[in-house]
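Q: Numbering (this note's numbering), first residue to last: 1436 to 1694.
To start, I am sharing the structure in question, which I have written as C-alpha cells.
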C-alpha cells in the first residue's frame, strides 16, 4: 500500500509539472523562449543608443538570439529594403518612408508608432554664437549644417525654417542626422538642426537650443515586420519588446517621447 501511494504521488507531481509547462506562453522573453537566431533590425540613425540598449534587453530575455543592427538615414534604409536587403524589422524616423516601404510590398505587418521626437538646434558647448532660435541661424557669422532634404530630419528642419520665415545657406547637407551632430560636436559648424534625442546622446559635446512648438515638428517613429523576414518570430518578438515598459523607459531616458 505504501509503494502504491508513493507511485500515485509521483504521477500526480509529474502531471502537474507537465500541465504547468504547457501553460507557459512561448516567445514572451523568458529564458525558455522559442525565439532564436539572428534578428536583423534596420533602424534610423537617431535610434542608435536607445536601440543598442533595447537590443541588450532582448538578448537577455532571449538568450539564443543575437540582434544585428543597421543604423543609417531612414531614406537609405528604405532604399536598401525595397532593393531586397534581408532584414526582419524596419524602424523609421518618419511615416512617409515606412509607407513607401509598405507600398512597395516590403512590410509584412501594419506599422506601429513606438516613439516620438522633436527638433532642437545643436550648438557648441557654451553657445559662443549666442544662438537663441531659428532666426539666429541666418546670421552671417553662424555656419549651419543640416541633413539633406530626403532625410526625415532634413525635411523636418526645412519645415521649421519655412514656418519661421528663415532662409539659410547651410555649409553642408548630410546623409543622416548623426552626421549633422558630429559636425557641430567636432567644431566644423556652429549649429545644426537635430533631434532632441541626439542632443541627449551627445552628452556634453553639444548644447541644445529649443525650438518654439509652433515652428517645431513632431516626428513619429513607426516600426514594422518586413516581408520575407529571415527570422519573423524574432522580428515579432523585437516589435513586442519595443512597446514594453522596459523599452519605453529606455526611449524616454534617451530623449524620445512614447505614445
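Every residue, glycine too, gets a C-beta built ideally from N, C-alpha and C.
#1: Quick check: what's the CA-CA separation for residue 1473 versus residue 1632?
#2: Confirm, please, whether the CB-CB distance from residue 1681 to residue 1492 is below 8 Å.
#3: Go through its chain and collect everything with a Cβ distance to residue 1683's Cβ below 7 Å, but skip five positions before and after it.
#4: Can you list, in chain order, the residues of its chain with a C-beta nearer than 8 Å to that of residue 1593? Leave out the 5 residues immediately preceding and following it.
#5: Please state if the CB of residue 1506 and the CB of residue 1658 are separated by a distance shorter than 8 Å.
#6: Buried or exposed for residue 1576, going by 16 or more other Cβ atoms inside 10 Å?
#7: Ordered along the chain, which non-local residues of its own chain (more than five positions away) have a Cβ less than 8 Å from that of residue 1501?
#8: For residue 1622, I'd like the list of residues in its chain whose CB is within less than 8 Å of its CB, leaving aside the five on either flank, ordered along the chain.
#9: Looking only at its own chain, which residues have a Cβ that is under 6 Å from the Cβ of residue 1696, when we skip the five neighbours before and after it?
#10: Rounded to a whole number of angstroms, what is the C-alpha to C-alpha distance between residue 1670 and residue 1499?
#11: Using the beta-carbon count (16 or more within 10 Å), is residue 1609 buried or exposed?
#12: For residue 1676, count the other beta carbons within 10 Å of its own beta carbon; 16 or more makes it buried, fewer makes it exposed. Which is it?
#13: Ends of the beta strand (DSSP E) at residue 1475?
#14: From residue 1662 to residue 1503, what distance separates their C-alpha atoms?
#15: Suppose contacts are defined by Cβ-Cβ distances below 8 Å. Is residue 1564 in contact with residue 1481 by that definition?
#16: By alpha-carbon positions, which one of 1568, 1652 and 1588 ends up nearest to residue 1642?
A: Reading it off the structure:
#1: 27 Å
#2: Yes, these two residues count as a Cβ contact at 8 Å.
#3: 1693
#4: So the qualifying residues of the chain are 1581 and 1584.
#5: no
#6: exposed
#7: 1472, 1473, 1474 and 1494
#8: 1559
#9: Because the chain is modelled from 1436 through 1694, residue 1696 falls outside the range shown and cannot be assessed.
#10: 14 Å
#11: buried
#12: buried
#13: 1472-1479
#14: Approximately 18 Å between the Cα atoms of the pair.
#15: Residue 1564 places its beta carbon 8 Å or farther from that of residue 1481.
#16: 1568
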